[in-house]
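Residue numbers (the numbering used here), protein chains in the order written: chain A, 696 to 807; chain B, 33 to 146.
The beta-carbon is built from N, C-alpha and C at its ideal position, and this holds for glycine as well.
Note sheet for the following structure.
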Amino acid sequence: AQSVTQPDIHITVSEGASLELRCNYSYGATPYLFWYVQSPGQGLQLLLKYFSGDTLVQGIKGFEAEFKRSQSSFNLRKPSVHWSDAAEYFCAVDIYTDKLIFGTGTRLQVFP
Amino acid sequence: EAGVTQFPSHSVIEKGQTVTLRCDPISGHDNLYWYRRVMGKEIKFLLHFVKESKQDESGMPNNRFLAERTGGTYSTLKVQPAELEDSGVYFCASSQLGQQETQYFGPGTRLLVL
């Protein structure tokens, strides 16, 4: 079945540590790919997106993501996490239907 | 520039009652979307307006849900009568024509049906 998978429901890291959140999709063609973040009490904020071209995408707040076609993955990374990064992160795809299909989200907890 | 706004932020109602959620998109955005996140599940698409027309309503769960966008500006989503399983967070998003793949989301309305 076509889907977006975020295998990690909850991740805990120490402030200053590196972070990688995983996202895999299962669609025939390469969809548009997105990462959104929802901080407590806030709406969904677009972190970054990939449509085509350079497979390493830079986003806001120091985040980046790498598209790997061979692995059908679009993992989100940050070299050094800040306490304010504690939030829920959602991977999403658009398979050219103008609607987003989301993963189940990964909740990030940051310890000082 | 104001972002997508939604009202109310929270709503608690009893089963069988009616609730109306409102979304104001970013000014100039002709595309408007409704999504819903039921507790513990993924965010799911409900429907998509282009201006005042429903482009895609394939995600609407049943006929208790009615979405409108009169005049192509703000949109309402009415649930009548509400059931327990309707509880969740309802998100609205908007995007520009020709850039519909980049959607901007509102803060959501948290609905609890008791």
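Quick check: is the beta carbon of residue i nearer than 8 Å to any beta carbon in chain B?
{"i": "residue 797(A)", "result": "yes"}
{"i": "residue 739(A)", "result": "yes"}
{"i": "residue 762(A)", "result": "no"}
{"i": "residue 744(A)", "result": "yes"}
{"i": "residue 756(A)", "result": "no"}
{"i": "residue 793(A)", "result": "yes"}
{"i": "residue 769(A)", "result": "no"}
{"i": "residue 727(A)", "result": "yes"}
Three-state secondary structure (DSSP) at residue i?
{"i": "residue 134(B)", "result": "coil"}
{"i": "residue 140(B)", "result": "coil"}
{"i": "residue 763(A)", "result": "strand"}
{"i": "residue 704(A)", "result": "coil"}
{"i": "residue 26(B)", "result": "Outside the shown range of chain B, which is 33 to 146, sits residue 26(B), and nothing can be said about it."}
{"i": "residue 792(A)", "result": "coil"}
{"i": "residue 117(B)", "result": "helix"}
{"i": "residue 779(A)", "result": "helix"}
Under 8 Å, Cβ to Cβ, is there at least one residue of chain A near residue i?
{"i": "residue 73(B)", "result": "yes"}
{"i": "residue 60(B)", "result": "no"}
{"i": "residue 123(B)", "result": "yes"}
{"i": "residue 120(B)", "result": "no"}
{"i": "residue 52(B)", "result": "no"}
{"i": "residue 137(B)", "result": "yes"}
Check the C-beta distance from residue i over to residue j and give it rounded, since I have them as a contact under 8 Å.
{"i": "residue 119(B)", "j": "residue 144(B)", "result": "5 Å"}
{"i": "residue 91(B)", "j": "residue 76(B)", "result": "6 Å"}
Could you tell me the boundaries of the beta strand (DSSP E) in which residue i lies?
{"i": "residue 772(A)", "result": "768-773"}
{"i": "residue 107(B)", "result": "107-111"}
{"i": "residue 126(B)", "result": "120-127"}
{"i": "residue 787(A)", "result": "782-789"}
{"i": "residue 80(B)", "result": "75-82"}
Using 8 Å as the threshold, is the region 58-70 of chain B in touch with the region 762-772 of chain A, meaning 3 or more CB pairs across them?
no
Does the region 40-58 of chain B touch the region 749-768 of chain A, meaning 3 or more C-beta pairs lie closer than 8 Å?
no
Does the contact criterion of 3 or more C-beta pairs under 8 Å hold for the region 775-794 of chain A versus the region 708-722 of chain A?
yes
Determine, using beta-carbon pairs with one atom in the region 42-51 of chain B and one in the region 128-135 of chain B, whether at least three such pairs fall under 8 Å.
Verdict: no, contact absent.
Touch check for the region 696-706 of chain A and the region 793-804 of chain A: three-plus C-beta pairs under 8 Å?
The region 696-706 of chain A, when compared against the region 793-804 of chain A, does touch it at the 8 Å Cβ threshold.
Taking three-plus beta-carbon pairs below 8 Å as touching, is the region 720-732 of chain A in contact with the region 782-790 of chain A?
yes
Stretch-stretch touch, CB-based, cutoff 8 Å, three pairs: the region 719-730 of chain A with the region 743-754 of chain A:
yes
I'd like to know if the region 107-123 of chain B and the region 787-795 of chain A are in contact, where contact means that at least 3 CB-CB pairs between them fall below 8 Å.
Short answer: they don't touch.
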